[in-house]
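**Student:** For the sequence shown, counting from 1, position 41 maps to 68 in our numbering; every step adds exactly one. We put the beta carbon where it would ideally sit given N, CA and C, even for glycine.
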Amino acid sequence: MDGCFYEEDHCVKMTLEKILKAQRKVKKNKGGTCQTSCMAPLGELGNQHVNNTIPFILYCDCDPFKVEGVTTKCDQHSKNEKFVCFATFIFRIIEIKDDCAVLELLKFKKHHKCNSKDKPISSPCSQLNYENIDDLMSTGVCINVDVSGFNAIQCLPSVCL
28 MDGCFYEEDH
38 CVKMTLEKIL
48 KAQRKVKKNK
58 GGTCQTSCMA
68 PLGELGNQHV
78 NNTIPFILYC
88 DCDPFKVEGV
98 TTKCDQHSKN
108 EKFVCFATFI
118 FRIIEIKDDC
128 AVLELLKFKK
138 HHKCNSKDKP
148 ISSPCSQLNY
158 ENIDDLMSTG
168 VCINVDVSGF
178 NAIQCLPSVC
188 L
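1) Where does the unbroken alpha helix (DSSP H) through leucine 155 begin, and where does it stop?
2) Can you tell me whether isoleucine 170 is helix, strand or coil according to DSSP?
3) Please report the straight-line C-alpha distance between cysteine 89 and lysine 136, rounded to a whole angstrom.
4) Indicate the three-state DSSP secondary structure (helix, strand or coil) for isoleucine 84 in the structure shown.
5) Closer than 6 Å by C-beta to isoleucine 120: which residues in its own chain qualify, once you throw out the five before and the five after it? Chain order, please.
6) Rounded to whole angstroms, how far is the Cβ of valine 94 from the Cβ of isoleucine 170, which I believe are closer than 8 Å?
7) With DSSP as the reference, label isoleucine 160 as helix, strand or coil.
8) What residue does the beta strand (DSSP E) around leucine 132 start on, and which one ends it?
9) Go to valine 97, then tell me how far its beta strand (DSSP E) extends in each direction, as first and last residue.
10) What does the alpha-carbon distance come out to for the pair asparagine 79 and valine 111?
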């Protein structure tokens with residue numbers, strides 16, 4: 028596979044392990060260097076916030092991996108808690124053991140404008156295009172996946188979440 032830096036069969040798994048190790052190092056040290064990629068430490072010089080996450084997109088065969096997540100939100104009008112669904116192609120590694128990984132679903136903050144409707148998320152580009160990097164946020168919604176089912180990973184620039 029082009030772009031795979033490992034001789035072994037599980038380059039996606041090994042990349043996820045390296046990302047997790049880098050994220051844990053930043054969390055522990057509260058610092059980093061200026062390089063940003065799947066294989067480099069996190070952090071940027073001159074950045075007031077230390078980048079602590081390498082978000083990524085996974086691929087099954089040639090298709091990007093999309094997940095629909097569910098969380099809750101308090102309705103402003105009725106004051107009742109309601110379910111809220113969202114779709115995403117963007118993830119953060121939380122834990123990995125053997126071929127099982129826990130991924131957190133990431134999404135962008137919504138900027139509510141009069142008469143605006145959510146744009147449909149049909150591809151990674153439809154989710155990412157023209158979004159502010161600082162608007163990427165944690166959701167607290169996690170899924171368990173078998174990483175052996177993925178054959179490609181695309182890392183995005185590191186961010187502070």
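**Tutor:** This is what the structure gives:
1) 151-155
2) strand
3) 28 Å
4) strand
5) Leu43, Ile46, Leu47
6) 6 Å
7) helix
8) 127-135
9) 94-101
10) 27 Å
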